[in-house]
Each structure stands twice: as structure tokens, then as C-alpha cells.
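Numbering (our numbering), first residue to last: 7 to 101.
A virtual CB, placed ideally from N, CA and C, is assigned to each residue, including glycine.
Just below is one structure, and these are the notes that go with it.
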Amino acid sequence: MRVRFSNLADAMVGLKEIEVKPGKKEEIFEQISKASGRKVRLDVNEDSAYLVVEQNGSVRKSWVIALLNGVNVVDLSPSSVWDGELVIFVPVSGG
């Protein structure tokens, strides 16, 4: 499956795009962590998702929008297998 990062999420993770094997959320982020050299995880709550990146003892956490095949991951079952395209981005407001 393809995972794309944009709008600051790419700078946090150190990758713009990566191909990983489909699997559960934790398995996908283990693969991303290995490729990026940073511990990367996606914390999903009832109504929001946070990208958490640990590197050299520092932790960065940002609220993100994460869409799996166009569906917000907040709406997915925690035990579901993820496959297809995952897009993660930091929402930016403009004015």
C-alpha cells in the first residue's frame, strides 16, 4: 500500500511517500519507522488523530487528518487491516 505525507507531516516523518505491506495500523507504522529512522505512530481517538514522531529523545506530536482510501481513519475499526492509499497531512488554515 502507499502512504503519503504532506503539509508538515512529511517534515516530521522525513518521508513524502513510502510503499509498505498492508496490515494493521501498528504494523504499517513499524514499517514507516524502520524506513524513516524515527519512531512514528498514529494515535487515533474517538474524534481525532495525532501523528507522533520520536527522534533523538525528542517527541513531536501534531493533530493530523489521516484518510485511508478517502475515509477518515477515526471512522475505521481499530482492528481493521489497512490497504490501499493512506494520506496523512497537517491541516493548515488560511486567511
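Cβ-based neighbour list, residue i, same chain, cut-off 8 Å, excluding 5 preceding and 5 following
{"i": "residue 98", "result": "13, 14"}
{"i": "residue 7", "result": "25, 26, 27, 28, 34, 88, 89, 90, 91, 92"}
{"i": "residue 70", "result": "15, 48, 55, 56, 57, 94, 95, 96, 97"}
9 Å Cβ cutoff met for residue i and residue j
{"i": "residue 48", "j": "residue 41", "result": "no"}
{"i": "residue 43", "j": "residue 76", "result": "no"}
{"i": "residue 23", "j": "residue 9", "result": "yes"}
Boundaries (first-last residue) of the beta strand (DSSP E) holding residue i
{"i": "residue 58", "result": "55-61"}
{"i": "residue 67", "result": "64-74"}
{"i": "residue 91", "result": "91-95"}
{"i": "residue 12", "result": "8-12"}
{"i": "residue 45", "result": "45-50"}
Residue i, enclosing alpha helix (DSSP H) - first and last residue
{"i": "residue 6", "result": "Shown here, the chain extends from 7 to 101; a query on residue 6 therefore has no answer."}
Sequence-distant residues of its chain with Cβ nearer than 6 Å to residue i (five each side left out)
{"i": "residue 45", "result": "39, 60"}
{"i": "residue 67", "result": "56, 58"}
Close-in-space but distant-in-sequence residues of the same chain around residue i (CB under 7 Å, 5 per side omitted)
{"i": "residue 50", "result": "79, 80"}
DSSP-derived helix/strand/coil call for residue i
{"i": "residue 40", "result": "helix"}
{"i": "residue 80", "result": "helix"}
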